[in-house]
Each structure stands twice: as structure tokens, then as C-alpha cells.
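Peer 1: Have a look at the structure that comes next, please.
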Amino acid sequence: MDMKKILVINGVNLNMLGIREPNLYGNVTLDGICDMMSKFAEGKLDLTFKQSNYEGEIVEMIQQAYNVYDGIIINAGAYTHTSIAILDALKAVNIPTVEVHLTDVQNREEFRKKSYISIVAKQTIAGKGAEGYIDALKYFLD
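When we follow the working numbering, the leftmost residue of the sequence shown carries the number 1378, and every step to the right adds one.
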């Protein structure tokens, strides 16, 4: 049996993890999260990692996933709360998607409580830090 292919997309400012607001996001880096995910998924899921600070690039990543990937894990960062374009791309490709947030966005600023991605996400995982990404992988193993 072939392993499921999962595209992991990290959006705007997530390349700054480890530096950015450690009181909120901790000291983990994006590379550290990717390493942790790779170790967990080894032999179970085929992961591809991408990151961009540009909305259009994220849209293109999603579009290029069509007929290639079995699932998408996405933390779009602030684009979660603003990007109808990312929502539309996810709707267009119709690939099962899990949304991840390191912090509990429902208990932060008011503008962070609206997620366009959650409209199409099969599951939203928030407030679990880097472990939330492992929970997202578990969704695709079930």
C-alpha cells in the first residue's frame, strides 16, 4: 500500500518561529517542527514541506497539489483571517485539509477569531503549540 502524500504549508511569518514573540510561540523553529513531523511520520506518511510569506505563492502551492497530494496541513498564519483567495484555492482542489495554529486563536485578538480556512478544513487544531502538527498528522493516519 502506498503511503499517503501530505503537503504541509506554513504561511506568513512562520519562518520567524524561534525569534518571533517567544512568549506566545515558544522557542521552537519551523525547521524543528518539520523535523519533529518527519520523525513521527517516518514510514507512515510521505510529507512535503513548504513555506511562503506571499499569499499568491501559497495559492499556487495549493493549486499544484491537485491530483498530487492526499491531504494538506496548513498554518497560513495571518492569512488565515484575511485570505479568501486561499479559501477559494482549497475549495477548488477539494483535498482534505487540516488547519493548524500554534496558539489558541479564539482567546487572542478579536480579528484572529475568524478563519476562512476553517470553512473547508476537516479539522482545526489550535493552542497545542508544535504538538498540534502531530495531531494533524494523526488525522491522516486514521
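Just so you know, even glycine gets a beta-carbon here, dropped at the ideal spot from N, CA and C.
Whole-angstrom Cβ separation of S1429 and G1395, contact assumed at under 8 Å?
Peer 2: Actually they do not touch by this definition, with Cβ atoms about 18 Å apart.
Peer 1: Which class does K1515 belong to by DSSP, given the choice of helix, strand or coil?
Peer 2: The answer is helix: DSSP assigns K1515 an H, G or I state.
Peer 1: Using 7 Å as the cut-off, classify the Cβ of I1386 as near or not near the heavy atoms of the ligand PLP, replying yes or no.
Peer 2: With respect to the ligand PLP, the structure shown offers nothing to examine, as it has no ligands at all.
Peer 1: Report the residue ranges of all beta strand (DSSP E) runs contained in full by the region 1390-1473; include only those spanning at least 3 residues, in chain order.
Peer 2: Entirely contained in the region 1390-1473, the beta strand (DSSP E) runs reaching 3 residues are, in chain order, 1422-1428 and 1448-1452.
Peer 1: Rounded to the nearest angstrom, what separates N1452 and I1386 at their Cα positions?
Peer 2: Roughly 6 Å separates the two Cα atoms.
Peer 1: Sorted by chain position, which residues of the same chain lie with C-beta nearer than 7 Å to F1417's C-beta, five sequence neighbours on each side aside?
Peer 2: Excluding residues within five positions, the ones whose Cβ falls inside 7 Å are I1511 and L1514.
Peer 1: Going by DSSP, what residues sit across from T1480 in a beta bridge?
Peer 2: According to DSSP, which records beta bridges pairwise, T1480 is partnered with nothing at all.
Peer 1: In the DSSP output, which residue or residues are listed as bridge partners for V1475?
Peer 2: Partner(s): I1450 and Q1500.
Peer 1: Would I1439 and I1449 be called neighbours here (beta carbons separated by less than 8 Å)?
Peer 2: Cβ distance < 8 Å, so I1439 and I1449 count as in contact.
Peer 1: Since K1381 is in the beta strand (DSSP E), which residue starts that stretch and which ends it?
Peer 2: Note, K1381: beta strand (DSSP E), K1381 to N1387.
Peer 1: In this structure, does DSSP put S1495 in helix, strand or coil?
Peer 2: In the structure shown, S1495 sits in a helix (DSSP, three-state: H, G or I).
Peer 1: From N1400 to I1383, what distance separates their C-alpha atoms?
Peer 2: For N1400 and I1383, the distance between alpha carbons rounds to 30 Å.
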